[in-house]
Amino acid sequence: MEISCYEKIDMEAKIASFKVPDIGVTSQLQLGGLRAIGEHNYYNAAVAALSVTGLDVGVHVESINSTIEKLRAPPHRMQVVRKDIHGITWVDDSKATNIEATYAGLMGLKGQKSVILLGGLAKVLDGQASNGFEQLVEPLNGHRCVVTFGSSGTLIHDTLSNNGLSIPCIQASNLKDAVKHARKMAKHGDTIVLSPGCASFDEFRNFEHRGLVFQELALSS
């Protein structure tokens with residue numbers, strides 16, 4: 014049996030609206046409590062909920078709403094660390110160890126003013142004359158600012174600045190220094206996102222170690 018299902022997501026309100034005409038289901042899923050950020054995470058949660066309700070097995074959207082806050086993103090993948098007393102949300106995307114992963118994360122932040130932390134040890138792109146960070150200029154423009162750090166921080170700063178970045182770009186020496194600058198630049202309602210686009214080995218054991226250090230810095234801010 015084929016069942017027709019429809020969904021619409023209001024990204025600003027963080028609400029997914031469902032309609033399953035064949036079984037008379039019309040409801041809304043509150044996504045604001047999801048402990049992850051990014052448009053792709055909201056869509057994943059909404060599609061999963063819609064799939065369950067569309068099966069007509071007695072699971073209602075209202076019961077899913079009551080458990081949405083218990084859902085967690087995998088560690089260091091657009092993981093919400095905290096929302097501090099200044100109204101700033103801290104997000105750990107340390108798993109973004111290349112430009113493609115950072116680009117995907119930035120695309121999920123549309124409409125959310127953010128301070129983006131980029132840096133570490135940039136990966137060499139085979140067969141390309143550029144380092145690839147110019148690909149991030151478009152999704153970065155419109156955010157609050159960029160803070161670069163680590164052994165490739167200067168390289169990233171110069172690449173972005175020379176390819177049309179229109180927001181402030183601050184150079185920091187290491188992750189701790191980058192967090193200090195980010196805290197100064199962020200305003201109420203902003204998000205501070207570690208999405209480095211680089212390997213971590215210049216300063217950390219691995220991306221997990223980098224993410225944990227960032228979380229410690231976020232929790233102490």
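Heads up, the sequence shown stops at 234 in this note's numbering, and the numbers go up one at a time, no gaps. Here a beta-carbon is modelled for each residue, glycine too, at the ideal position from N, C-alpha and C. Since the model is a prediction, treat every value here as computed from it, not as a measurement.
By the criterion of a C-beta distance shorter than 7 Å, I112 is surrounded in its chain by G145, F146, Q148, L149, G210, once the five residues flanking it on both sides are discounted. Assigned with DSSP and collapsed to three states, G124 falls in coil, not helix or strand.
Cβ-Cβ distances below 6 Å link V192 to L230 in the same chain, with the five nearest sequence neighbours on each side left out; the list follows chain order. Sixteen is the threshold: since fewer than 16 other Cβ atoms of the shown chains lie within 10 Å of the Cβ of M120, the residue is exposed. Three or more Cβ pairs closer than 8 Å define a contact, and the segment 193 to 200 falls short of that threshold against the segment 170 to 180. Shown here, I101 sits in coil according to DSSP, grouped into three states, outside any helix or strand. Annotated as proximal: D215 and G133, with beta-carbon spacing under 9 Å. Secondary structure note for F162: its beta strand (DSSP E) is the uninterrupted segment 158 to 162.
In this structure, DSSP gives A109 a state outside helix and strand, which the three-state scheme calls coil. Taking the CA atoms as reference points, Q41 sits about 4 Å from S30. For T204, the closest alpha carbon among the candidates Q92, S164, L225, P87 is that of Q92. Measuring C-alpha to C-alpha distances from S164 to each of F217, S127, T115 identifies F217 as the nearest. Taking C-beta atoms under 8 Å as the contact rule, S208 and D106 qualify, at a distance of about 4 Å. Cβ neighbours of H194 within its own chain (closer than 8 Å, five residues either side excluded): V160, I183, A185. With fewer than 16 other Cβ atoms from the protein chains shown falling within 10 Å of its own Cβ, S143 counts as exposed. Counting only residues of its own chain and dropping the five nearest sequence neighbours on each side, C158 has a CB closer than 6 Å to the CB of V128, I180, P181, M198. Cβ-Cβ separation between F220 and T110: approximately 6 Å, consistent with a contact (criterion under 8 Å). Counting along the chain, the unbroken alpha helix (DSSP H) around Q228 starts and ends at 220 to 232. In this model, D190 and G100 are separated by some 21 Å (Cα to Cα).
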